[in-house]
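The next block holds one structure in the form of structure tokens; read it before the comments.
Residue numbers (my numbering): 1442 to 1630.
Dropping the structure here:
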């Protein structure tokens, strides 16, 4: 699959867009963080376009902040891409597990794995390669990690030589690992 034009199966994506974007203030005082422009388009549209290019047919946005703004701006833009867009409403930000639980019914319609993304990730999205790797190991989930200089500011990922995750440690005071969750996952429900 990697390196060809072949699309993934019926793959969906859940994007976590419920945060307040406090670190991007004042930009987020009038717009939700995923709608802040980066390279002439909302941050979130970079992700959605990359997902569509990889064959994703349904995008679910876990929203809780400035929901009306998100729905108004994204519904039209995403429909032009030919992908289904659904909003899963949280009454308050619930981290990662909360949106997964709320969207469970939408995500369990297919046996295929689905992507879970943080809405503020900007990179060359390796979605096809991630799907190929995920299917090759046969486990329940795959998490992309990235190396950082100062791991005490983040939740770090501790894993074995074979890549299997042993533990997550939130903002460690002593060095444990310099690898953190990059905000891109592929999992089965």
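Positions of the beta carbon are idealized from the N, C-alpha and C atoms, including for glycine.
Limits of the alpha helix (DSSP H) - the one that residue i falls within
i: residue 1616; result: No alpha helix (DSSP H) contains residue 1616, which DSSP labels as neither H nor E.
Helix, strand or coil at residue i [DSSP, three-state]
i: residue 1556; result: strand
i: residue 1478; result: strand
i: residue 1628; result: strand
i: residue 1546; result: helix
i: residue 1612; result: coil
i: residue 1607; result: strand
i: residue 1445; result: Unreliable placement is indicated for residue 1445, whose pLDDT of 31 sits below 50; the coordinate value is still reported in the next sentence. The answer is coil: DSSP assigns residue 1445 none of H, G, I, E or B.
i: residue 1621; result: strand
Residue range of the unbroken beta strand (DSSP E) whose run includes residue i
i: residue 1484; result: Where residue 1484 is concerned, there is no enclosing beta strand (DSSP E), although the alpha helix (DSSP H) it sits in stretches over 1484-1494.
i: residue 1515; result: Element bounds for residue 1515: not the beta strand (DSSP E) but the alpha helix (DSSP H), 1508-1520.
i: residue 1529; result: 1525-1530
i: residue 1504; result: 1497-1504
i: residue 1453; result: 1452-1457
Contact under 8 angstroms by Cβ, residue i with residue j
i: residue 1499; j: residue 1519; result: no
i: residue 1510; j: residue 1485; result: no
i: residue 1588; j: residue 1620; result: yes
i: residue 1555; j: residue 1458; result: no
i: residue 1455; j: residue 1501; result: yes
i: residue 1490; j: residue 1526; result: no
i: residue 1625; j: residue 1582; result: no
i: residue 1530; j: residue 1504; result: yes
i: residue 1609; j: residue 1598; result: yes
i: residue 1584; j: residue 1606; result: yes
Assumed close pair residue i, residue j - CB separation to whole angstroms, cut-off 8 angstroms
i: residue 1495; j: residue 1569; result: 5 angstroms
Exercise. Can you list, in chain order, the stretches of the beta strand (DSSP E) that have 3 or more residues and sit fully within the segment 1566-1605?
Worked result: The segment 1566-1605 contains these whole beta strand (DSSP E) runs: 1582-1588 and 1596-1600.
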